[in-house]
């Protein structure tokens, strides 16, 4: 079963940037559509962005123009570049195979605050 380890989160001021990484193990992810999700306190988990095996990307409205998802199949890793961060982006960020309900990692905390 594929497992994910997310990293790269932290505390950043509004307008700042972070680059998240998601390292997969246990299976090659090159054939899967991968996605980043986030869950803010008291809210349900929501999808942020996805990237398919052909590198076609899709973004939720709140991420368009600010976030960029990418993948490096040689490293079995997916990335999320986040720019122009806002306080409402504060959440735990996770990656997973799009649509999967299993195999969630610990996530990485992103806090956007002055």
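In the working numbering, the protein residues as written are 2 to 115.
A virtual CB, placed ideally from N, CA and C, is assigned to each residue, including glycine.
Residue 113 sits away from residue 78, with the two beta carbons spaced by 7 Å or more. With fewer than 16 other Cβ atoms from the protein chains shown falling within 10 Å of its own Cβ, residue 102 counts as exposed. Residue environment for residue 66: exposed (fewer than 16 other C-beta atoms within 10 angstroms of its C-beta). Residue pairing by DSSP places residue 2 in no beta bridge whatsoever. Cα atoms of residue 17 and residue 11: separation of roughly 11 Å, rounded to the nearest angstrom.
Each residue's CA atom was taken as its position, placing residue 50 and residue 14 some 22 Å apart. For residue 73, the enclosing beta strand (DSSP E) stretches over residues 68 to 73. In this structure, the beta-carbon distance from residue 39 to residue 80 does not fall below 7 Å.
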